[in-house]
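S.K.: Residue numbers (the numbering used here), protein chains in the order written: chain A, 1 to 155; chain B, 1001 to 1655. Every residue gets a Cβ at the ideal spot worked out from N, C-alpha and C, and that includes glycine. The model shown is predicted, which means the values in this text are computed figures rather than measured ones. This structure is in structure tokens; I'll ask about it shortly.
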Amino acid sequence: MRMRIAASLLALSLATSAHAVQPDEVLKDPSQEARARALSLELRCLVCQNQSIDDSNAPLARDLRLLVRERIVAGDDDTAIRRFLVERYGDFVLLKPPFDSRTVLLWIGPFLVLGAGAAAVFAAARKRRAVALSAPPLTDEERRALAALTEKSDA
Amino acid sequence: MIVEIGHYALVLALAAALIQTALPLWGVISRDAALMETAKPAALAGFLLVAMSYGALTWAYVASDFSVLNVYANSHSQKPLVYRISGVWANHEGSMLLWVSILVLFAAMVALKGREMPLRLQAAVLGVQGSISAAFIFFVLLASNPFERLLPAPVEGRGLNPLLQDPGLAIHPPLLYVGFSIAFSFAVGALIHGRIDAVWARFVRPWTLLAWIFLTAGIAMGSYWAYYELGWGGWWFWDPVENASLMPWLAGTALLHSTLVMEKRDALKVWTILLSILTFSLSLLGAFLVRSGVLTSVHAFATDPARGQVILAILIFFIGGGFALFAWRAPLLKQGGLFAPISREGALVVNNLLLAAITAAVFIGTLYPLALEAIDGSKISVGPPFFEATVIPLGVPLLLIVPVGTALAWKRGDLYGVAQRLMVAAGLALAAMIGVFAWTHGGPVAAPLGIGLGAWLIFGSISEILARSHRTGAGPSLMLRRALGLPLAAWGAAIAHIGVGVAVIGISATAWGTEKIALVRPGEVLQAGPYTVRLERSFVRNGPDFRETVATFSVLKGDEVVGRIEPGKRVFVAQTMPTSEAGLMTAGLGQVYASISEFEPDGSVGVRLYWKPLVTLIWIGSMIMAAGGALSMFDRRARVAAAVRAPHGAKPAGA
């Protein structure tokens, strides 16, 4: 019980990061800094609960932010930096998972649901129209009654 | 003693809930009116007993009775009264008791307000609702008893988690918990009862609407809390806990729209029943995700795997039972009214398809990492970039069709007529978009597009109200009279849709925000959008149960001081971890937002300073949505749902 409370408090305290990016980390060149920020938002703080390195105040997140900035200053492009980090930490570091055989259902899943739903609606509509069209023809009695009515209104 | 009475009342409530389940359902099956009649008193007794139990726990908190383990673990004698009361639900055991209270409250309301409901339907609904209450009361008594004693009693409590000591959070969870269980009970009750028609839809709609209003307000409140309490300046993080509340909201929104079709046109029955079951399933799934700790989240609190398993068992029982019953009985449902693809019904079908796809995106994104790890052990992360990439392409068409759908006629719509009707609204929205684009030339491109979309929703909704109150040759006074005479549901829908538009504008405008991260000395200034912010001083002060270090900033427009913000860090007496308090100044619809990273010994502070133009529109829009929903609830149709039982409504004309 006590352990659990302690653990959940610890988890919460990790969340109180008001101080993600620190002033001394900011790069001089604003365009490079902007790139660093955009990249940081896509990278997961590996030891945190569920935060990007941009949001987190964990020491590891700071190390990763500095690393990203180092690579940017060294002239790497964004793809190269991402590749570098994936080699080191695996796909887990990317908040936007790559599209590959393992994640194909993830990426197309929502659109599959949409497609399947649309197909079901279409099929149901067709079936119902077919039912409506194949309504049984009038019986002789109905036909006579109809004829009587039409004559009456014509008269 | 009072605590023991509360505990015992909960045990009796379990008995009442079991009676409320067994007798009426038996009565429904055996068509025994006397047995069905037992539903009402059982539901009322259950409500009174749970209220007593909840009152007893509240008393223990207010009186700071630390011999109760739950109070000791979550409260403190110096805590202000309001947080002692909200502390009751700011922990696992108490929040489960709150959940139970809401379940029995809904049952009691159906028992009291549903006087005009057919007896069999009412008995079936209350019976099913009773079984849900019973399951959760059983869970509280067995696995998370808030009345457990602690002997010897400690002198002082451990205090509420400081993050949760906040006005926003004090009212946020009760709003969230008013769940969609009642829609589920109606669906399952109707499946048992065997009659599912427009009458059913008319009775279920107000309850669904009530659950939706509270969830909408609750999510908005939670989002605002995260925005200023977590201090990152973000308002939505696609965190599993947030997603857990978003999924039932999306499904519930779809349900509101499909019950509309069912009520008016007796169509989409099978889908509406399925959606009712699905919506509650997603609520239960949310509870499971939040409580069990299967998913890592920044604000899951009080997680415990063992309890998670019990909730999982409850979840499997109700979802499995619901779907099994659905599979068995749904094929017996007769199809209702036919409609052409271009019609109000058609538009609402598209609405439901897109909402279902968005729900699927959130669902898949939230659970995929878990599934993948279970299958091949590989770990991936699914974060905000994924959700933005899938939800936006599905959400934009959904919002684009709103004005068209509301303008189309039932059964068979006239697209050309609708185009004419919406020409002005479309022109205004386009003008807004182009105007904003020209004005902010060189800025982010997505923002003006979003503003255009928001304007389209707003103008489209206004034009719908105008079109419905317009008659050729009518003067303005007649038009006003006609407008005021429109059903409240029409106003409610228009206002809710305007709320969506307002929120969309607020969200789009975040792209124009600015951010500064710097170490400033007293007297130094920073720029935040149109404002200049100057650090005055930093100092320490005492609150009721905390000490905080605060930095005072003046906010200047030109040379004139227009406001002051005081971001800081708090340390609560009962805790050691500091929490950050953002400094906020609302200027018009935008906000200047500052949060402190560190206080240096020389008086300088590390600060993250934002200018967030129009940001308040996100929450104002959400509140407008909830208000629109509330207005709909007061519609005559909802209030006198009874009237449909009157002879003239009982049989369709001509039958």
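Using the Cβ count rule (16 or more neighbours within 10 Å means buried), how would you classify Asn1542 (chain B)?
M.R.: Mapped onto the second sequence, residue 1542 (chain B) falls at position 542. Under this definition Asn1542 (chain B) is an exposed residue.
S.K.: For Ala1489 (chain B) and Arg129 (chain A), I'd like the C-alpha separation in whole angstroms.
M.R.: One-based indexing of the second sequence puts residue 1489 (chain B) at position 489. One-based indexing of the first sequence puts residue 129 (chain A) at position 129. So the alpha carbons of these two residues sit roughly 32 angstroms apart.
S.K.: With Thr1216 (chain B) as the anchor, note down where its alpha helix (DSSP H) starts and where it stops.
M.R.: Translated into positions along the second sequence, residue 1216 (chain B) becomes position 216. Where Thr1216 (chain B) is concerned, the enclosing alpha helix (DSSP H) stretches over 1198-1229.
S.K.: Does the beta carbon of Pro1000 (chain B) sit closer than 9 angstroms to a beta carbon anywhere in chain A?
M.R.: Nothing in the structure corresponds to residue 1000 (chain B), since chain B is present only between 1001 and 1655.
S.K.: Nearest-angstrom Cα distance between Pro1578 (chain B) and Phe1572 (chain B)?
M.R.: Counting from one through the second sequence, the residue named residue 1578 (chain B) turns up at place 578. Counting from one through the second sequence, the residue named residue 1572 (chain B) turns up at place 572. Pro1578 (chain B) and Phe1572 (chain B): Cα-Cα distance of roughly 7 angstroms.
S.K.: Spatial neighbours of Thr103 (chain A) within its chain, please: CB distance less than 8 angstroms, with the 5 preceding and 5 following residues excluded, ordered by chain position.
M.R.: As a first step, residue 103 (chain A) is located in the first sequence; it is residue number 103 there, counting from the start. The answer, listed in chain order, is Pro97.
S.K.: Could you work out which residue in B:Pro1341, B:Ala1190, B:Pro1567, B:Leu1023 is closest to Gly1405 (chain B) when comparing CA atoms only?
M.R.: The residue given as residue 1405 (chain B) occupies position 405 in the second sequence. Among B:Pro1341, B:Ala1190, B:Pro1567, B:Leu1023, the Cα nearest to that of Gly1405 (chain B) belongs to B:Pro1341.
S.K.: What are the uninterrupted segments assigned as alpha helix (DSSP H) that are 4 or more residues long and contained completely in the stretch 1421-1477 of chain B, given in chain order?
M.R.: 1446-1469
S.K.: My output table needs one value for Phe1634 (chain B): the three-state DSSP class, helix, strand or coil.
M.R.: The sequence position of residue 1634 (chain B) within the second sequence is 634, counting from 1. For Phe1634 (chain B), the three-state secondary structure derived from DSSP is coil.
S.K.: Taking Cβ positions only, does Asp1239 (chain B) come closer than 9 angstroms to chain E?
M.R.: This model lacks chain E altogether; the protein chains it does include are A and B.
S.K.: Would you call the stretch 1386-1400 of chain B in contact with the stretch 1348-1364 of chain B, where contact means no fewer than 3 C-beta pairs closer than 8 angstroms?
M.R.: yes
S.K.: Exposed or buried, which one is Gly1450 (chain B) when buried takes at least 16 other CB atoms within 10 Å?
M.R.: Start at 1 with the first residue of the second sequence, and residue 1450 (chain B) comes out as number 450. That one is buried.
S.K.: With a threshold of 8 angstroms, are at least 3 pairs of Cβ atoms found where one atom belongs to the stretch 1217-1226 of chain B and the other to the stretch 1269-1287 of chain B?
M.R.: no
S.K.: At the level of alpha carbons, what is the spacing between Leu1275 (chain B) and Ile1132 (chain B)?
M.R.: Position 275 of the second sequence, counting from 1, holds the residue named residue 1275 (chain B). Position 132 of the second sequence, counting from 1, holds the residue named residue 1132 (chain B). Those two C-alpha atoms are separated by around 18 angstroms.
S.K.: Let me know the secondary structure DSSP gives Thr103 (chain A) once reduced to three states.
M.R.: For this step, residue 103 (chain A) is matched to residue 103 along the first sequence. Note: Thr103 (chain A) maps to coil in three-state DSSP.
S.K.: Across which residues does DSSP place Trp1611 (chain B) in a beta bridge pair?
M.R.: For the purposes of this step, residue 1611 (chain B) is identified with residue 611 of the second sequence, where counting begins at 1. According to DSSP, which records beta bridges pairwise, Trp1611 (chain B) is partnered with B:Thr1514, B:Val1592.
S.K.: From Ile1458 (chain B) to Asp1414 (chain B), what does the alpha carbon distance come to, in whole angstroms?
M.R.: Position 458 of the second sequence holds residue 1458 (chain B). Position 414 of the second sequence holds residue 1414 (chain B). Distance between the alpha carbons of Ile1458 (chain B) and Asp1414 (chain B): 22 angstroms.
S.K.: Counting only beta-carbon separations shorter than 9 angstroms, does Val26 (chain A) have a partner in chain B?
M.R.: Here residue 26 (chain A) corresponds to residue number 26 of the first sequence, with the count starting at 1. At least one chain B Cβ lies under 9 angstroms of Val26 (chain A).
S.K.: By how many angstroms is the C-alpha of Thr1021 (chain B) removed from the C-alpha of Val1128 (chain B)?
M.R.: In the second sequence, residue 1128 (chain B) corresponds to position 128, counting from 1. In the second sequence, residue 1021 (chain B) corresponds to position 21, counting from 1. Taking the straight line from one Cα to the other gives about 6 angstroms.
S.K.: Taking the continuous beta strand (DSSP E) assigned at Glu1581 (chain B), which residues delimit it?
M.R.: Sequence index remark: in the second sequence, residue 1581 (chain B) carries index 581 (1-based). It spans 1579-1581 - the beta strand (DSSP E) in which Glu1581 (chain B) sits, taken as one unbroken run.
S.K.: Hey, Ala1056 (chain B) and Gly1094 (chain B) are a contact pair by Cβ (cut 8 angstroms); roughly how many whole angstroms apart?
M.R.: The residue labelled residue 1056 (chain B) in the question sits at position 56 within the second sequence. The residue labelled residue 1094 (chain B) in the question sits at position 94 within the second sequence. 12 angstroms between Cβ atoms; not a contact.
S.K.: To the nearest whole angstrom, what separates the beta carbons of Pro1613 (chain B) and Gly1590 (chain B), a pair I think is in contact under 8 angstroms?
M.R.: On the second sequence, residue 1613 (chain B) is found 613 positions in, with the first residue counted as 1. On the second sequence, residue 1590 (chain B) is found 590 positions in, with the first residue counted as 1. 4 angstroms between Cβ atoms; contact.
S.K.: Have a look at Asn1070 (chain B) and Ala1045 (chain B) and give me their C-alpha separation to the nearest angstrom.
M.R.: As a working note, residue 1070 (chain B) is residue 70 in the second sequence. As a working note, residue 1045 (chain B) is residue 45 in the second sequence. Taking the straight line joining both Cα atoms gives about 26 angstroms.
S.K.: Please state if the CB of Arg1031 (chain B) and the CB of Tyr1061 (chain B) are separated by a distance shorter than 9 angstroms.
M.R.: Sequence index remark: in the second sequence, residue 1061 (chain B) carries index 61 (1-based). Sequence index remark: in the second sequence, residue 1031 (chain B) carries index 31 (1-based). Not a contact, by the Cβ cut-off of 9 angstroms.
S.K.: Just mark Phe99 (chain A) as buried or exposed, buried being the case when its beta carbon has 16 or more other beta carbons within 10 Å.
M.R.: Position 99 of the first sequence, counted from the start, is the residue given in the question as residue 99 (chain A). Answer is exposed; the Cβ neighbour count stays below 16.
S.K.: Going by other Cβ atoms of all chains shown within 10 Å of its Cβ, with 16 needed for buried, is Met1693 (chain B) buried or exposed?
M.R.: Absent from the structure is residue 1693 (chain B), since the part of chain B shown begins at 1001 and ends at 1655.
S.K.: How big is the Cα-Cα spacing for Val1607 (chain B) and Gln1527 (chain B)?
M.R.: Position 607 of the second sequence, counting from 1, holds the residue named residue 1607 (chain B). Position 527 of the second sequence, counting from 1, holds the residue named residue 1527 (chain B). If I take the Cα positions, the gap works out to 12 angstroms.
S.K.: Is it true that the stretch 1418-1427 of chain B meets the stretch 1363-1370 of chain B, where meeting means three or more beta-carbon pairs spaced less than 8 angstroms apart?
M.R.: no
S.K.: Is the separation between the beta-carbon of Ala1503 (chain B) and that of Ile1401 (chain B) shorter than 9 angstroms?
M.R.: Along the second sequence, read from residue 1 onward, the residue named residue 1503 (chain B) stands at position 503. Along the second sequence, read from residue 1 onward, the residue named residue 1401 (chain B) stands at position 401. The answer is no: Cβ separation not under 9 angstroms.
S.K.: Just to confirm the assignment, what range does the beta strand (DSSP E) spanning Lys1569 (chain B) have?
M.R.: For the purposes of this step, residue 1569 (chain B) is taken as the residue at position 569 of the second sequence. Where Lys1569 (chain B) is concerned, the enclosing beta strand (DSSP E) stretches over 1568-1572.
S.K.: Determine, using beta-carbon pairs with one atom in the stretch 1204-1212 of chain B and one in the stretch 1237-1256 of chain B, whether at least three such pairs fall under 8 angstroms.
M.R.: yes
S.K.: Would you call the stretch 1479-1497 of chain B and the stretch 1532-1549 of chain B touching, i.e. three or more CB-CB distances under 8 angstroms?
M.R.: no
S.K.: Find the nearest neighbour of Glu1548 (chain B) within the set B:Ser1461, B:Val1100, B:Glu1581, judged by alpha-carbon distance.
M.R.: Within the second sequence, the letter at position 548 stands for residue 1548 (chain B). The shortest C-alpha separation from Glu1548 (chain B) is found at B:Glu1581.
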